[in-house]
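Participant: In terms of the working numbering, the sequence shown opens at residue 1130 and continues consecutively. The following block contains the structure, expressed as structure tokens.
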Amino acid sequence: MNTAVKAPWHLWAVGIITLLWNAVGITSYLMTELGKLEALGMTPEQIAYFDTFPAWAIAVWALGVWGAFFGSLLLLFRSRHAVTSLIVSVVGLVGTTIFQRVVTELPADMENPGLDIAIWVITLGTLWYAMKMRREGVLR
1130 MNTAVKAPWH LWAVGIITLL WNAVGITSYL MTELGKLEAL GMTPEQIAYF DTFPAWAIAV
1190 WALGVWGAFF GSLLLLFRSR HAVTSLIVSV VGLVGTTIFQ RVVTELPADM ENPGLDIAIW
1250 VITLGTLWYA MKMRREGVLR
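So this is what it looks like as structure tokens:
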């Protein structure tokens, strides 16, 4: 008897949209770590800000963006491990937010509350969605 649950259409929509969204975060992270911020149109002052990041801040940023990216990819593969990856992403997002809002002062020209809210909403929403899909047996 086959009790496999068919993937709903919205799994593909959420997976593809969040994968593309998270690819932007990966691009930002990689451009920063590869020293290519000037190519993104950043000013020397903005680049200097990123150059001050301690190793732990870079590490939590990596957890956030890579956890989210692989979480979306794992959703598309219908893997229950998407939930774990997205939890790692939330941990990274918390760490990055603490660094930007408590430990250091974000330059005024880099403030973007709308983007910050979007990142939090999409990250938590994707985690909630993955947990729901796992609970419903869509992720295996």
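Beta carbons: idealized from backbone N, C-alpha and C, even for Gly.
With distances taken from CA atoms, which of T1233, A1237, D1180, L1222 is nearest A1247?
Facilitator: Cα-wise, what sits closest to A1247 is L1222.
Participant: How many Å lie between L1169 and A1133 at the Cα?
Facilitator: Taking the straight line joining both Cα atoms gives about 46 Å.
Participant: Kindly confirm or deny that the region 1223 to 1231 and the region 1189 to 1209 touch, where touching means at least three C-beta pairs closer than 8 Å.
Facilitator: Touching, yes, given that three or more Cβ pairs across the two stretches are closer than 8 Å.
Participant: Using a threshold of 8 Å, state whether the C-beta atoms of I1263 and V1212 are closer than that.
Facilitator: Note on residue identity: the sequence assigns Arg, not Ile, to residue 1263. Yes, Cβ-Cβ distance for R1263 and V1212 is below 8 Å.
Participant: Does DSSP put M1260 in a helix, a strand or coil?
Facilitator: Helix, per DSSP.
Participant: Do you know offhand how far A1142's Cα is from L1204's?
Facilitator: One C-alpha to the other measures close to 10 Å.
Participant: To which residues of the same chain is G1200 closer than 7 Å at the C-beta, ignoring the five residues directly before and after it?
Facilitator: Taken in chain order, the residues that qualify are A1211, S1214, L1215, S1218, T1255, A1259.
Participant: Please work out which residues of its chain come closer than 8 Å, Cβ to Cβ, to M1239, disregarding the five sequence neighbours upstream and downstream, and give them in chain order.
Facilitator: These residues qualify, in order along the chain: Q1175, Y1178.
Participant: Here's the rule: buried if 16 or more other CB atoms are within 10 angstroms of the residue's CB, otherwise exposed. What is M1130?
Facilitator: In this predicted model, M1130 has a pLDDT of only 46, less than 50, meaning its place in the structure is not dependable; the value taken from the coordinates is given anyway. The residue is exposed, with fewer than 16 neighbouring Cβ atoms inside 10 Å.
Participant: Comparing C-alpha positions only, which one of S1208, N1241, A1237 sits nearest to E1265?
Facilitator: Out of S1208, N1241, A1237, S1208 has the C-alpha closest to the C-alpha of E1265.
Participant: Quick one: grab the DSSP three-state call for T1172.
Facilitator: Of the three classes helix, strand and coil, the one that applies to T1172 here is coil, per DSSP.
Participant: CA-CA distance, P1236 and T1181?
Facilitator: The straight-line gap from Cα to Cα measures roughly 12 Å.
Participant: Using the C-alpha atoms, what's the distance from T1147 back to L1253?
Facilitator: About 12 Å.
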